[in-house]
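Just below is one structure, and these are the notes that go with it.
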Amino acid sequence: MPELPEVEIIRRQLLPLVGSEIIRASADDEDLFADGLTPENVVVRLQGKTINNFERYGKFLLLEAGENWLIFHPRMSGKIWYRTDPPPLPDRVKLELDLSGESEEKLFFTSLRRFSRFYWQERGNPGQHPKIAKMGPDPLHSEYTFDNFKNNLSGRRGAIKNLLLDQSFVAGIGNIYACEICFRSGIDPRRSADNISSTEARKIFDTIIEVLKEAIAAGGSSLNQESSATVYRGVGGEVGSYSDQHRVYGRENENCPRCDGEVKKIKLGGRSTFFCPDCQK
DNA sequence: CAATCGTCCTGCGGGC
DNA sequence: TGCCCGCAGGACGATT
């Protein structure tokens with residue numbers, strides 16, 4: 579569910595907690611813990627540690643606890659809540675952190691579909707973690723340059739939209755923003771990456787930053803609004819409004835906002851893909 | 001190496 | 001009304 583913008587919003591909302599000590603931790607559901615983590619030992623590793631920072635790479639949220647890093651990937655349905663009571667069912671708490679300070683609020687990590695993963699990086703910096711090391715540049719970091727982008731593009735032959743979803747190409751884009759980026763770039767999502775012109779590549783490169791930043795400014799994309807338990811929410815339960823600005827995602831059969839065409843929905847690489855066949859070339 | 005496909009899991013909404 | 005099926009914002013591993 580959360581893509582780069584949603585994880586970035588969560589990170590910014592959590593930043594005021596930097597400096598807090600983890601007084602008590604509890605964890606459940608061993609399937610979600612990787613790198614030798616278990617619900618038992620993660621508690622031992624976290625308790626008594628100070629939260630020194632929250633960072634983000636792609637869709638990974640990075641929590642610096644003492645000298646080490648707890649790395650959380652929300653995948654489809656992961657959420658982080660900052661509140662006094664456990665979040666409402668059917669969400670179930672996988673990790674709870676009680677922090678020092680006056681506040682009664684605690685951090686709750688949930689994962690309705692249980693796809694989320696907790697990873698661990700001992701000392702050093704989280705970029706050394708193998709999952710992060712093999713990722714492409716993060717569009718909001720300085721290593722995201724057009725030269726780099728164009729180099730990574732060469733030799734790729736698959737559909738451009740699938741390439742945008744490939745985390746080793748660019749980090750942080752998911753299905754919603756891949757559709758929106760193709761639309762805003764005027765590029766047919768089915769176009770093979772190897773016949774994207776330099777001008778078009780430049781357009782896509784710029785649009786990636788533009789769309790992601792706009793989404794952050796709008797509080798992220800929350801599909802289905804209040805109705806679904808899987809909807810994206812900020813740490814205080816806030817719903818994002820960027821879905822109101824989606825040009826094509828979730829808008830099958832609606833009028834194209836740019837031409838006389840109609841938004842279509844197809845499958846591409848097994849994923850729902852929304853686009854306007856009339857003005858995306 | 002790069003691309004495709006099935007799979008993991010739970011809850012919801014549509015159709016019959 | 002109730003049940004069954006398909007679908008969902010992600011990524012991994014096996015296979016071609």
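The working numbering puts the first residue of the first sequence at 579, with every later residue one more than the last.
Idealized CB from N, CA, C, for every residue including glycine.
Computed from a predicted model, the values in this text were never measured in an experiment.
Query                                                                                                                                                           : Result
Since tyrosine 820 and serine 799 should fall inside the 8 Å C-beta cutoff, what is the C-beta to C-beta distance between them, to a whole number of angstroms? : 5 Å
Report the rounded CA-to-CA distance for glutamate 645 versus asparagine 703, giving the unit in angstroms.                                                     : 9 Å
Could you tell me which of Glu608, Pro594, Arg836 and Gly614 sits nearest to glutamate 758, measuring between CA atoms?                                         : Arg836
Going by other Cβ atoms of all chains shown within 10 Å of its Cβ, with 16 needed for buried, is leucine 667 buried or exposed?                                 : exposed
Short check: CB of lysine 859 to CB of glycine 764, under 8 Å?                                                                                                  : yes
Three-state secondary structure (DSSP) at alanine 605?                                                                                                          : strand
Taking tyrosine 755 as part of the alpha helix (DSSP H), name the residues at either end of that continuous run.                                                : 753-763
Taking the straight line between their C-alpha atoms, what separation do you get for serine 776 and aspartate 784?                                              : 12 Å
What residue does the beta strand (DSSP E) around glutamine 699 start on, and which one ends it?                                                                : 695-699
Could you check where the alpha helix (DSSP H) with arginine 661 kicks off and where it finishes?                                                               : That residue, arginine 661, is in no alpha helix (DSSP H); its beta strand (DSSP E) goes 656-661.
Can you list, in chain order, the stretches of the alpha helix (DSSP H) that have 4 or more residues and sit fully within the segment 667-737?                  : 708-711 and 724-731
What is the DSSP secondary structure of asparagine 740, reduced to helix, strand or coil?                                                                       : helix
Which one or two residues does DSSP pair with leucine 640 in a beta bridge?                                                                                     : Glu633 and Ile649
List the DSSP bridge partners of asparagine 833.                                                                                                                : Glu840
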